[in-house]
Structure formats: structure tokens, C-alpha cells
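Student: Quick note: to get the numbering used here, add 11 to the position in the sequence shown (first position is 1).
Glycine included, C-beta positions come from ideal geometry on N, C-alpha and C.
Could you have a look at this structure, given as C-alpha cells, before my questions?
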Amino acid sequence: MEHVLFIVIGIGVFLLGVRDLCILILCTEQIEAEHTGYRTYYGGGRYGIRKVDVPVFTYTYQGVSFQSQLAQNVPYKKLTENMEHGNIHPIYINSKHPQTCIFLRKVRPDTILFLCMGLFIVLGAVMRMR
Numbered sequence: 012m013e014h015v016l017f018i019v020i021g022i023g024v025f026l027l028g029v030r031d032l033c034i035l036i037l038c039t040e041q042i043e044a045e046h047t048g049y050r051t052y053y054g055g056g057r058y059g060i061r062k063v064d065v066p067v068f069t070y071t072y073q074g075v076s077f078q079s080q081l082a083q084n085v086p087y088k089k090l091t092e093n094m095e096h097g098n099i100h101p102i103y104i105n106s107k108h109p110q111t112c113i114f115l116r117k118v119r120p121d122t123i124l125f126l127c128m129g130l131f132i133v134l135g136a137v138m139r140m141r
């Protein structure tokens with residue numbers, strides 16, 4: 012029974028990486044957007060409560076205005092570079108679903124880590140079942 016649990020966990024971790032890759036593949040159209048602030052989320056962390064600030068951008072695409080937060084994690088250093096209220100930044104959107112946007116069109120190390128860890132967990136659980 013524990014093998015099934017590890018397989019499910021491994022698939023979940025793997026799908027996090029797949030989600031990140033899909034967003035990178037789909038968000039290809041570069042537009043200019045105004046940074047309008049942050050949405051703050053709180054969650055459990057290693058050393059207590061963890062605060063995460065996600066940038067919010069306002070932009071117009073095909074005559075429709077959108078206000079959207081990024082669909083990816085951005086390194087803190089990138090967030091603090093010129094990320095002031097009112098500044099204009101290039102972002103990438105999904106032309107079929109323009110409310111989905113990303114800031115960087117690069118495969119992040121954590122995406123590769125999710126893919127590898129998920130695969131490793133699933134393979135390890137399957138091998139132990141034999």
C-alpha cells in the first residue's frame with residue numbers, strides 16, 4: 012500500500028514540472044504590461060510562516076484589459092530589479108488565454124528538479140514493488 016502512495020506522490024511532483032513546462036510552451040506572445048502591485052500569500056515554511064509576494068500586472072490584449080498575477084515563481088532578485096509600482100515590463104502571455112502570463116521564458120532549475128524527483132520517486136516505488 013505504501014508503494015501506491017509513493018507512486019501517487021511521485022506523479023504529483025512530476026506533474027508540477029509538467030505544468031511549468033506547459034506554461035512556458037503556451038505563453039509565447041510578448042507584450043508590455045504595467046506593474047500594479049503584489050498579491051501576498053502566506054504559508055508554512057521551514058522556519059515558520061513564509062510570505063510570498065506575487066507581482067500583479069495590468070495590460071491590454073486585443074482591446075481587452077486584464078489584471079493578472081504571474082503564473083510562475085520568479086527569483087527574488089528579479090522581483091526587486093525595477094519592479095516598482097507603475098513601471099512597464101515585458102511579459103509573455105498565452106494568446107488563447109491572455110489572463111495567463113509569465114515574466115521569464117526560461118526553464119527554471121526547480122522545474123527540472125520536480126521532473127527528476129517525480130520520476131525518481133515513481134521509479135523507486137515501482138522497483139520496490141518487485
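Report the three-state DSSP secondary structure of glycine 129 (helix, strand or coil).
Tutor: Indexing the sequence shown from 1 puts residue 129 at position 118. It is helical.
Student: Taking C-alpha atoms, which residue in Val137, Ile20, Gln83, Cys112 lies nearest to methionine 128?
Tutor: Here residue 128 refers to the residue found at position 117 of the sequence shown. When only C-alpha atoms are compared, the closest one is Ile20.
Student: Where do the ends of the beta strand (DSSP E) carrying arginine 61 lie?
Tutor: If you number the sequence shown from 1, residue 61 lands on position 50. Here the beta strand (DSSP E) through arginine 61 covers 59-72.
Student: So, helix, strand or coil for histidine 96, using DSSP?
Tutor: Position 85 of the sequence shown, counted from the first residue, corresponds to residue 96. It is coil, neither helix nor strand.
Student: Report the option in Thr122, Gly74, His14, Asp64 whose CA atom is closest to the CA atom of histidine 46.
Tutor: If you number the sequence shown from 1, residue 46 lands on position 35. For the residues Thr122, Gly74, His14, Asp64, the minimum Cα distance to histidine 46 belongs to Asp64.
Student: What does DSSP give as the partner residue(s) for glycine 135 in the beta ladder?
Tutor: Indexing the sequence shown from 1 puts residue 135 at position 124. Per DSSP, none; premise fails for glycine 135.
Student: Does DSSP put phenylalanine 114 in a helix, a strand or coil?
Tutor: Here residue 114 corresponds to residue number 103 of the sequence shown, with the count starting at 1. Coil, per DSSP.
Student: Pick out whichever of Gln110, Ile102, Ile18, Leu27 has its Cα sitting closest to the Cα of serine 76.
Tutor: Residue 76 sits at position 65 when you count from the first residue of the sequence shown. Comparing Cα positions, the closest option is Gln110.
Student: Tell me the rounded alpha-carbon separation between leucine 81 and isoleucine 123.
Tutor: Here residue 81 refers to the residue found at position 70 when the sequence shown is read from its first residue. Here residue 123 refers to the residue found at position 112 when the sequence shown is read from its first residue. C-alpha separation (whole angstroms): 19 Å.
Student: What residue range does the alpha helix (DSSP H) around arginine 119 cover?
Tutor: Taking the sequence shown and counting its residues from 1, the one referred to as residue 119 is at position 108. Arginine 119 -> no alpha helix (DSSP H), and no H or E assigned at all.
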